[in-house]
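Number of protein chains: 2
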Amino acid sequence: MRFISEQRLDDGVLEREFTLGEIPGTLWTPASAAPLPLVLMAHNNGLPKADPRLVARARYTAARGYAVATIDAAGCGDRPRSAADEQVRAELGRAMRAGEPVDELLESLVGPMVENAVPDWRTTLDALLQLPGIGGPVGYSGGWAALGIRLAAVEPRIVAAGLHAGGYVPRAQREEARQVTVPLLLLLQWDDEGNPRQRALDLFDAFGSKEKTLHANLGGHTGTPWFELEDGCRFFDRHLK
Amino acid sequence: MRFISEQRLDDGVLEREFTLGEIPGTLWTPASAAPLPLVLMAHNNGLPKADPRLVARARYTAARGYAVATIDAAGCGDRPRSAADEQVRAELGRAMRAGEPVDELLESLVGPMVENAVPDWRTTLDALLQLPGIGGPVGYSGGWAALGIRLAAVEPRIVAAGLHAGGYVPRAQREEARQVTVPLLLLLQWDDEGNPRQRALDLFDAFGSKEKTLHANLGGHTGTPWFELEDGCRFFDRHLK
Chain A
1 MRFISEQRLD
11 DGVLEREFTL
21 GEIPGTLWTP
31 ASAAPLPLVL
41 MAHNNGLPKA
51 DPRLVARARY
61 TAARGYAVAT
71 IDAAGCGDRP
81 RSAADEQVRA
91 ELGRAMRAGE
101 PVDELLESLV
111 GPMVENAVPD
121 WRTTLDALLQ
131 LPGIGGPVGY
141 SGGWAALGIR
151 LAAVEPRIVA
161 AGLHAGGYVP
171 RAQREEARQV
181 TVPLLLLLQW
191 DDEGNPRQRA
201 LDLFDAFGSK
211 EKTLHANLGG
221 HTGTPWFELE
231 DGCRFFDRHL
241 K
Chain B
242 MRFISEQRLD
252 DGVLEREFTL
262 GEIPGTLWTP
272 ASAAPLPLVL
282 MAHNNGLPKA
292 DPRLVARARY
302 TAARGYAVAT
312 IDAAGCGDRP
322 RSAADEQVRA
332 ELGRAMRAGE
342 PVDELLESLV
352 GPMVENAVPD
362 WRTTLDALLQ
372 LPGIGGPVGY
382 SGGWAALGIR
392 LAAVEPRIVA
402 AGLHAGGYVP
412 RAQREEARQV
422 TVPLLLLLQW
432 DDEGNPRQRA
442 LDLFDAFGSK
452 EKTLHANLGG
462 HTGTPWFELE
472 DGCRFFDRHL
482 K
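If you read the sequences in order, they're chains A and B. With the working numbering, the residue at position 50 of the first sequence is 50, and numbering never jumps. Going from the second sequence to the working numbering is simple: count from 1 and add 241.
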């Protein structure tokens, strides 16, 4: 892991860009004498790690006493995409504008994207836990619920997951949710335009976790109220601190 | 309002029993220089105000900086019940043991109970707001969702409501929920044996509030996790302080 830039934010959090082989990432850490718990934070479906909503959540979470890391995994953010991916994305855009069903297109786009992202996230996790000052335990926080499900199912170091239900979850991860047993907080926007409410409720039902909580709020996809950011940190406080 | 006993609890909260005409009640207040916001707290369907779960919630909430009050309204707790009420309760017990449908029995029991409880609660609210040290604003917190809906619909002094979905909500209150517009936190136990999940989700959907949040947790009727107590106080902190 090679740090390529750093800046100290107003609240004392250190924001550092890094590369790990081909993987670009960002790490936020507050000043701390004790080893920090770690939160892996991923944006949905390949949105870039510099997306302002993700960065705002990461900085807030770091200021609450966590090391927070995000990456552009394979095929995500500014990293190269396959010709096949580009074709599906173009077709998806066309279908959405035309108001046609998009489930099968999303399945063919997001399914492989999740599969391909997991190795990069695990490689990053290995490297992060080698850094001085980061001790774990490890949580996953993300708009990208499907990736969180897959990571929580295959990665025993993840001990808690805070997920947003708004985003396409491939059939494989809807099944895999049964294998997720870590404490879970699932956020749902009650009137999320593109994401059927019942599918999110079924997903919540499917998780194998003994401790699982759903927070549903009125409003559309991007309308999650600010207090859910604090609730998310308090969820991690219970399980990572 | 006449105080008939008082004790100082370990955490400094003062617990006082009172009577107001025929209404017996309990008031918990923390030491405070400033006027306290007020939380009205009701247990479901006429359970007594001394029920340990209600008392624990009330004491916790008071220690967080609220005046908290509960009463046994007409027909509730140890107050006299009509012969008709006793008969419906006996029939309800029989039907539940026999595994028969109980909706119509609950409708005929809980519907009038809510109607009859409201005047006592409003009388109590009038008296509480006359006390030195209690300034409002006023919230409602309750296992008794149906009463909360009715009170929030008719009582403009109530500015926020935290409700448990586990309990029969009469048809009138399911309709009345549309008239409730104050910020709302609804708790749902995902596997509540006697309370159909879909009915609770429909109720959440029905509320007229622009800010409404559903917290659903795995488990049965009495399994609400402890952290919801804290979440409930934080909800009131946002709206009453």
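The beta carbon of each residue, even a glycine, is placed where N, CA and C say it ideally should be. A quick note: this is a predicted structure, and the numbers were derived from the prediction, not measured.
Asked, Found
"Ignore the nearest five residues each way along the sequence and tell me which others in A:G166's own chain have a CB closer than 6 angstroms to its CB.", "Q189, D192, N195, H221"
"What does B:F468 touch in chain A if you count any residue whose Cβ is under 7 angstroms from its own?", "R238"
"I'd like the span of the alpha helix (DSSP H) that includes B:G473, first residue to last.", "468 to 481"
"If you follow the beta strand (DSSP E) that B:T260 is part of, which residue opens it and which one closes it?", "255 to 261"
"Between the Cα of A:F3 and the Cα atoms of A:I23, A:G12, A:D10, which residue gives the shortest distance?", "A:I23"
"Where in the stretch 279 to 356 of chain B do unbroken runs of the alpha helix (DSSP H), each at least 4 residues long, occur, reported from the N-terminal end onward?", "293 to 304, 324 to 338"
"Quick one: give me the first and last residue of the beta strand (DSSP E) that B:A274 is part of.", "Element bounds for B:A274: n/a, residue is neither H nor E."
"Give, in chain order, every unbroken run of the alpha helix (DSSP H) that is at least 4 residues long and sits entirely within the stretch 145 to 173 of chain A.", "145 to 154"
"Looking at B:A325: is its Cβ nearer than 8 angstroms to the Cβ of B:T365?", "no"
"Given a cut-off of 8 angstroms, decide if A:P30 and A:A254 are closer than it, judged by their beta-carbon atoms.", "It is not possible to answer for residue 254 of chain A, since the shown part of chain A is limited to 1 through 241."
"Does any C-beta atom of chain B lie closer than 8 angstroms to the C-beta of A:N217?", "yes"
"Below 8 angstroms on the Cβ atoms is my contact criterion, and I expect A:A73 with A:W121 to pass it. Report the Cβ-Cβ distance as a whole number of Å.", "6 angstroms"
"Less than 8 angstroms between C-beta atoms, sequence neighbours within five positions excluded: which residues of the same chain meet that for B:R419?", "A447, F448, G449"
"Give me whichever residues DSSP pairs with B:E265 in a beta bridge.", "Contrary to the premise, residue 265 of chain B reads as Pro rather than Glu in this sequence. DSSP lists B:T260 as partners of B:P265."
"Between A:L187 and A:P48, what straight-line distance do the alpha-carbon atoms span, to the nearest angstrom?", "21 angstroms"
"What in chain B is Cβ-close to A:K210, meaning under 8 angstroms?", "L459"
"Using only the alpha-carbon positions, how far apart do A:R94 and A:P80 sit?", "21 angstroms"
"Which residues in chain A sit within 7 angstroms of B:T463, going by Cβ to Cβ distance?", "Residues of chain A passing the Cβ test: none, with the nearest at roughly 16 angstroms."
"Determine, using beta carbons only, whether B:P276 and B:K482 come nearer to each other than 8 angstroms.", "no"
"Go to B:L372, then tell me how far its alpha helix (DSSP H) extends in each direction, as first and last residue.", "Note, B:L372: premise wrong, no alpha helix (DSSP H); not H, not E."
"May I ask you to list the residues that DSSP assigns as paired with A:Q179?", "Answer by DSSP bridge pairing: none, since A:Q179 is not bridged."
"How many whole angstroms separate the CB atoms of B:L388 and B:A274, which I take to be in contact at a CB cut-off of 8 angstroms?", "Rounded, the Cβ-Cβ distance is 32 angstroms, inconsistent with contact."
"List the residues of chain B that A:T29 touches, going by C-beta distances under 9 angstroms, in chain order.", "By Cβ distance, chain B contributes nothing, its closest Cβ being about 27 angstroms from A:T29, past 9 angstroms."
"Helix, strand or coil for A:F207 per DSSP?", "coil"
"What do you reckon, are the CB atoms on B:A441 and B:P424 nearer than 8 angstroms?", "no"
"Buried or exposed for B:G266, please, with buried defined as at least 16 other CB atoms from any protein chain shown within 10 angstroms of its CB.", "buried"
"What is the C-beta distance between A:F236 and A:V39, in whole angstroms, given that I count them as a contact (C-beta under 8 angstroms)?", "6 angstroms"
"Of all Cβ atoms in chain E, is any one closer than 8 angstroms to the Cβ of B:T422?", "In the structure shown, chain E does not exist; the protein chains are A and B."
"Please check the pair A:L129 and A:Y140, which I expect to be a contact at CB under 8 angstroms, by giving their CB distance rounded to whole angstroms.", "Not confirmed; about 14 angstroms, so no contact."
"Give every residue of the same chain whose Cβ lies closer than 8 angstroms to the Cβ of A:E6, excluding the five residues on either side of it in the sequence, and list them in chain order.", "L14, E15, R16, E17"
"I think B:N458 touches B:E469, with their Cβ atoms under 8 angstroms apart; what is that distance to the nearest whole Å?", "7 angstroms"
"Ordered along the chain, which non-local residues of its own chain (more than five positions away) have a Cβ less than 7 angstroms from that of A:E91?", "L105"
"Check the Cβ-Cβ distances between B:L250 and every residue of chain A, and say whether any is below 8 angstroms.", "no"
"Reducing DSSP to helix, strand and coil, say where A:P196 ends up.", "coil"
"I think B:L372 touches B:V410, with their Cβ atoms under 8 angstroms apart; what is that distance to the nearest whole Å?", "Not really, about 31 angstroms apart at Cβ, beyond 8 angstroms."
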